[in-house]
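>
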Ligand SMILES: [Zn+2]
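Residue numbers (our numbering): 4 to 231.
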């Protein structure tokens, strides 16, 4: 049977920010490396946080990767003896990444892609719906909601203090921890939220508390800050 010699397939690791997608990708890739399977890892150029040539999670667990401008570039760089192709932050590629992943799988490679399934509004992100549809295996990870502590599926956008919530609606904001937090469906605010308190963490206690609800928000915020 053809599939015995060409066991190519696609795995998707998805979830919100802080759900450990990259950690899971790195874990799978390292496990394959121990078995001396040749791996190659790619990521879109847009993800330039931390380092240009590593897939690096927030926990600094990292593995060498190649930034590419377009998904199709991956086909140029993948070598014939590669067994596993990893793609991180895959949501930032356009739909052509679906075709790329399919081609690699048909060439007999194990393709592991990791990315955000939803943008900060809670809408399906870029090529993710299609990747999820064609994948053989899907792993959906959750984070912990910073408001209520339940499993979080959403990435809450936190707008810069002084910015109106509608001003920066860019979908592609690659983020530092200050710009996003994990939230569950019920605590998620699709239009984003500002936290003016965050600009001056030391001034938290001096912020006027206008109503009981505001006070509640601030005490939650203090809780969050103290956990850091
Ligand atoms: Zn919640």
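Just so you know, even glycine gets a beta-carbon here, dropped at the ideal spot from N, CA and C.
For residue 157 and residue 117, what's the separation of their Cα atoms in angstroms?
A straight line joining the alpha-carbon of residue 157 with that of residue 117 spans about 16 Å.
> Return the bridge partner residues of residue 183 from the DSSP annotation.
Beta-bridge pairing links residue 183 to 160.
> What residues match up with residue 101 in a beta bridge as DSSP calls it?
According to DSSP, residue 101 bridges with nothing at all.
> Just to confirm my understanding: we take residue 48, look at its own chain, exclude 5 residues before and 5 after, and list those with CB closer than 7 Å. What are they?
70, 71 and 72
> Determine, using beta-carbon pairs with one atom in the region 105-112 and one in the region 145-154, whether at least three such pairs fall under 8 Å.
no
> Give every residue whose Cβ lies closer than 6 Å to any heavy atom of ligand 1, listed in chain order.
148, 150, 151, 153, 186, 187, 189 and 190
> Is DSSP giving residue 94 helix, strand or coil here?
helix
> According to DSSP, is residue 204 helix, strand or coil?
With a pLDDT of 38 at residue 204, under the threshold of 50, the predicted position of this residue should be treated as unreliable, though the coordinate-derived value follows. Helix, per DSSP.
> Put residue 113 into one of helix, strand or coil per three-state DSSP.
strand
> Who pairs with residue 21 in a beta bridge, going by DSSP?
DSSP, once it has assigned bridges, lists no residue as partnering residue 21.
> Candidates 195, 145, 160 and 159: which alpha carbon is nearest residue 26's?
It is 145.
> What does the alpha-carbon distance come out to for the pair residue 218 and residue 184?
Since pLDDT at residue 218 reaches only 38, below the 50 mark, its modelled position is unreliable, and the value read off the structure follows with that caveat. Cα-Cα distance, rounded: 20 Å.
> Is DSSP giving residue 12 helix, strand or coil here?
Strand.
> From residue 86 to residue 40, what distance separates their C-alpha atoms?
Near 6 Å, if we compare the C-alpha coordinates of residue 40 and residue 86.
> Would you report the Cα separation of residue 32 and residue 131, rounded to the nearest angstrom?
20 Å
> Please return the same chain residues whose Cβ sits closer than 6 Å to the Cβ of residue 15, not counting the five positions on each side in sequence.
116, 134, 135, 138 and 141
> With distances taken from CA atoms, which of 94, 12 and 188 is nearest residue 24?
94
> Using a 10 Å radius around the Cβ and a threshold of 16 neighbouring Cβ atoms, would you call residue 122 buried or exposed?
Under this definition residue 122 is a buried residue.
> For residue 182 and residue 44, I'd like the C-alpha separation in whole angstroms.
Rounded to whole angstroms, residue 182 to residue 44 spans 26 Å at the Cα level.
> If you count every other CB in all the chains shown that lies within 10 Å of the CB of residue 208, and 16 or more means buried, which is it?
The pLDDT assigned to residue 208 is 35, lower than 50, so where the model puts this residue is not dependable; a value taken from the coordinates is nonetheless given after this. When all chains shown are included, residue 208 counts as exposed.
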